[in-house]
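Comments concern the structure below.
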Amino acid sequence: MSKKPADLDFAFTRRTAIAGTAGGLVWAGLIARLFQLQILDKERYQAQAEANHIKLQLAPPQRGRILDRFGRPLASHRRAGRISITPEQTDDPEHTLAQVAALIELPDERLERIANEIRLSRRRNAGFVPVTVAHELTYEDFARMNVHAAEMPGVNVEMALTRSYPRGRDFAHVLGYVARASQDDLVRLTEGMSDKESETLKTMFRHPDMRTGRQGMERFAEEWLRGKPGYRKLVTNAHGRVIEEIPDERLAPTPGRDLFVTIDSDLQRVAIERFEGESGAAVVVDVETGDVLAMVSTPAFDPNDFVNGISTASYAELRDDKRSPLYPRAHGGVYPPGSTFKMVVATAALESGAVKPTDRVHCNGYYHFGNRTWHCWKKGGHGSVNLHTGIKGSCDVYFYEIARRTGVDKIAETARKFGFGQDWVLGMTGGRGGLVPDREWKQRVRKESWYEGETLNFGIGQGQLGTTPLQLALMTARIATEGKPFKPRMIGIGPQSQDDHTLDAPLDPEVMKLMKAGMYGVTSEGGGTAYRSGDLGLGGPRLAGKTGTAQVRRISREERLSGVRSGSEIARELRDHALFVAYAPADNPKYAISVVVEHGEGGSRTAAPVARDILHFALKTDSRRKPAYSQSASLPKSMTDDGEPT
Numbered sequence: 207m208s209k210k211p212a213d214l215d216f217a218f219t220r221r222t223a224i225a226g227t228a229g230g231l232v233w234a235g236l237i238a239r240l241f242q243l244q245i246l247d248k249e250r251y252q253a254q255a256e257a258n259h260i261k262l263q264l265a266p267p268q269r270g271r272i273l274d275r276f277g278r279p280l281a282s283h284r285r286a287g288r289i290s291i292t293p294e295q296t297d298d299p300e301h302t303l304a305q306v307a308a309l310i311e312l313p314d315e316r317l318e319r320i321a322n323e324i325r326l327s328r329r330r331n332a333g334f335v336p337v338t339v340a341h342e343l344t345y346e347d348f349a350r351m352n353v354h355a356a357e358m359p360g361v362n363v364e365m366a367l368t369r370s371y372p373r374g375r376d377f378a379h380v381l382g383y384v385a386r387a388s389q390d391d392l393v394r395l396t397e398g399m400s401d402k403e404s405e406t407l408k409t410m411f412r413h414p415d416m417r418t419g420r421q422g423m424e425r426f427a428e429e430w431l432r433g434k435p436g437y438r439k440l441v442t443n444a445h446g447r448v449i450e451e452i453p454d455e456r457l458a459p460t461p462g463r464d465l466f467v468t469i470d471s472d473l474q475r476v477a478i479e480r481f482e483g484e485s486g487a488a489v490v491v492d493v494e495t496g497d498v499l500a501m502v503s504t505p506a507f508d509p510n511d512f513v514n515g516i517s518t519a520s521y522a523e524l525r526d527d528k529r530s531p532l533y534p535r536a537h538g539g540v541y542p543p544g545s546t547f548k549m550v551v552a553t554a555a556l557e558s559g560a561v562k563p564t565d566r567v568h569c570n571g572y573y574h575f576g577n578r579t580w581h582c583w584k585k586g587g588h589g590s591v592n593l594h595t596g597i598k599g600s601c602d603v604y605f606y607e608i609a610r611r612t613g614v615d616k617i618a619e620t621a622r623k624f625g626f627g628q629d630w631v632l633g634m635t636g637g638r639g640g641l642v643p644d645r646e647w648k649q650r651v652r653k654e655s656w657y658e659g660e661t662l663n664f665g666i667g668q669g670q671l672g673t674t675p676l677q678l679a680l681m682t683a684r685i686a687t688e689g690k691p692f693k694p695r696m697i698g699i700g701p702q703s704q705d706d707h708t709l710d711a712p713l714d715p716e717v718m719k720l721m722k723a724g725m726y727g728v729t730s731e732g733g734g735t736a737y738r739s740g741d742l743g744l745g746g747p748r749l750a751g752k753t754g755t756a757q758v759r760r761i762s763r764e765e766r767l768s769g770v771r772s773g774s775e776i777a778r779e780l781r782d783h784a785l786f787v788a789y790a791p792a793d794n795p796k797y798a799i800s801v802v803v804e805h806g807e808g809g810s811r812t813a814a815p816v817a818r819d820i821l822h823f824a825l826k827t828d829s830r831r832k833p834a835y836s837q838s839a840s841l842p843k844s845m846t847d848d849g850e851p852t
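207 is the number of the first residue of the sequence shown in my numbering; add one for each residue after it.
The structure is reproduced here in C-alpha cells:
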C-alpha cells in the first residue's frame, strides 16, 4: 500500500534532521580541531613550522690576537681573497673547477683534492655547502676572478679574515703558527670533553675559517685565544638551501681573548738583524721583573706559510735545510756552554769551601792529570792565577783545578740553582731542559762510574753538559741580582704555565759579588777576554760579561800542533760555537743577555759584539719601560693588519 503524503513529509524531515545533525557534528569537530590547532596549540606548531625553514648554523669565533709588551700586533688578522664552489649551483662542478684553474694557478694535487671534496659533498646531499678552492689570492687573481665569476655559476669570490703574522719570521719559534685541525688535533682538543661538547668543537673546526694552534704560544694558549662559538640564524628552503640570514646578537660568537707577551718586538728585530745571517740565538731578560724582552732563534720559518697549508715541497725544503730553520734554538737548542759556565764552577768551589778567592793556581798552558794532558786555550799559559784573574782571562787550567777540588756533584747541585737542567716552558712549546750530569745520572743512565777526568771537562763547560741560551740568560740574571729570587715570564696577560718555577735556591750574595767583579774584569780591565766589547757606546755605561767557546768535536793533537782549528781551512759544521753572556749597565744592572753564534768560533770576536749592540739598543730605547697591559687605559681594539676593525 502506498504511503500518504503526510507520511512522506515526515520521513523527509527526519532524514534531513539526521543529516543536518551529522553535518553539524562534523563541522563542530572541524571547528574544534581548527580552534585547537590555531589557538590552543599555536605556539607549538609555529615553533615546528619555523624549525622547518629556520636553521641555527654554528658560527666560529674570531681568534684573539697576540700583542707585544707595547700593544703591537704579532698575530692578528688580515683580509684575503678566497674562492669557493657551491656544487648544487653548477651542472658540472668539475668543469667549473677546470675553468677556475685556467684563470689562477692551482697545483695538480690541490685540484684532485678539491674534486674529491666536491664529489663527497654531493654523495652526502650537501651540495649547498661551499667547497674552498683557494685562499690567499693575490690582488691580480682576486680582480681577475671577480670579473669572470659572473660567467661561472656556483663560483663565489669573497674577502675573508685569515690569521696573519705581520712580523713574519721574527717570532716564529715563540708564537708558533695555526693550521687546519687534523684528526690528531681534534683528539687532543676534545680530550676530557662530553660527547656533546666534543661534537660541537669538531663541527666548529670543520668551518673553513677555523684554525688551531700547532706550535708555540698559539698552541699553549689555544683555549684562551679560541673564544666560544655562536650561531647564525638562517632561513632555508625545503631543500635546505640558505635564502637569507636573520641577525641576532644574542646568538653571536664570543671572540677569543687577546694575549700580551713581554717581548719588545723592536728589540727582537734589532737582535735578528745583528746576527747578519748567522745561525744562533739570543735571549734578553729584565733582571728586576723577570720579563723576557727578546727570544731570538735564527734562521726561522715564516708562520704565514702554514696558516692555509704549506706545500709538501716547501715543507721539505725547510726540513732539509742544513741551518735548521724549524729548530727553536733559544729555548730548545742544547749547547755546551763553554767558558760561560765558569761562574757556576767558581760559585760551587767557593760555597763548598774547596777554594778561597785568593788561592792561586799556576798555568803554563796545560794541566796533567793521570796519563792525560788537558790544555788551556792560551798556548803559553796565564802564569799565576786567582779567582778574579781566572774569570777575567778565562784560564782553563785554573778551572780544571778548582773543578777537581770541588767535585762533580757539588758543581751539578750549584748549576741547578741557576736554572740549568730545567725545561722552562714560559708559554711556548719545543723547550728542552738540557743536561746537568753527575755521578748518579751516569750510573743510572749509562751504568758506568764517573771518572775524574770528566770533572775537568765539566769545569770548563764541556763534556756531557748541555744548556740552552734561555738558561744561560737566567744564570746571568741571578748573578746580576746577586742571587735574589728570580721568576722569568713571557706572558703579560694570558694563561700562565704551571711548569715554570721561581729561581730562589739560596746563593751567597758575597760570592755573587765576586762573580760580578770577575765579569766586569772580562770587559773592562786589561787582559779581559772581551775588553773591546765592554763599551756600550752610550757615553759611560759599560757591560759586564763572560766569553765562551764551545767545541763541537774533540781537537786532535795534530790539529793542536798545527794550529789549524778554525777558519776556512775546516768545514763550517766542525767549527766551535761562540757564546757570550752579559748584563748591563755593569754598575746598575737592568738587562741580562745570552748570545750563541753557531760555529762562530770565538766568543770575544763573534758573540760579544752582537750582545753589546743588542744591549745598546735596549738601554737606548728603554725596552723594559711600562708595558701597555699595565696601564689603566683600555686595551687596543681588535684590528686587522691593515688597521680595519674586525
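From the three backbone atoms N, C-alpha and C, an ideal C-beta is built for every residue, glycine too.
What did DSSP end up calling residue i once you bin it into helix, strand or coil?
i    : result
H594 : helix
Q702 : coil
A458 : coil
S327 : helix
A225 : helix
Y835 : helix
V306 : helix
K648 : helix
W580 : strand
F507 : coil
V770 : Annotation note: pLDDT 49 at V770 (below 50); position unreliable, coordinate value reported separately. If DSSP states are grouped into helix, strand and coil, V770 belongs with coil.
F206 : Summary: the structure shown does not reach residue 206, with the chain confined to residues 207 through 852, and so no result is reported for it.
T219 : helix
G659 : helix
V540 : coil
F241 : helix
I776 : coil
Considering Cα atoms alone, identify which of the options is closest to residue i.
i    : options                : result
P543 : S520, K752, G277, E646 : K752
P461 : I310, S404, H283       : H283
T546 : P675, T564, Y573       : P675
T564 : V380, N592, A686, D508 : N592
D511 : R412, F575, Y371       : Y371
L632 : W430, E607, I697, A784 : I697
V380 : V353, R425, V603, I820 : R425
H568 : E557, S590, K548, E403 : S590
S703 : I310, S327, A427, L309 : A427
M549 : A683, R818, R529       : A683
A798 : A711, H783, P694, S836 : P694
G559 : K616, P747, P534       : K616
If you follow the alpha helix (DSSP H) that residue i is in, where does it begin and where does it stop?
i    : result
A349 : 345-354
L556 : 548-558
M410 : 401-411
Y797 : It is not in any alpha helix (DSSP H) - Y797 instead sits in the beta strand (DSSP E) that spans 797-803.
D497 : D497 -> no alpha helix (DSSP H), and no H or E assigned at all.
H379 : 378-381
Q268 : Careful: Q268 lies outside any alpha helix (DSSP H) and carries neither H nor E.
Determine whether the beta carbon atoms of residue i and residue j lie at a separation below 8 Å.
i    : j    : result
A790 : V803 : no
G672 : T755 : no
R611 : E658 : no
L367 : R830 : no
D497 : T827 : no
T418 : K408 : no
K434 : P267 : yes
E273 : D492 : At residue 273 the sequence reads Leu, which differs from the Glu that was named. Contact: no.
V467 : L680 : no
V758 : L780 : yes
F626 : Q668 : no
V717 : E557 : yes
L343 : A286 : yes
R645 : V614 : yes
T296 : P359 : yes
E824 : Y726 : According to the sequence shown, residue 824 is Ala rather than Glu. No. Outside cutoff.
Under 8 Å, Cβ to Cβ, is there at least one residue of chain C near residue i?
i    : result
P461 : Here there is only one protein chain, and chain C is not present.
So residue i is in the beta strand (DSSP E); what residue range does that whole segment cover?
i    : result
M365 : 361-370
A750 : 750-756
D492 : 486-492
A814 : Counting along the chain, A814 falls outside any beta strand (DSSP E), though it belongs to the alpha helix (DSSP H) covering 814-827.
Handout entry: Within the region 678-740, ranges of the beta strand (DSSP E) (whole runs, at least 3 residues)
Key = 697-699, all fully within the region 678-740.
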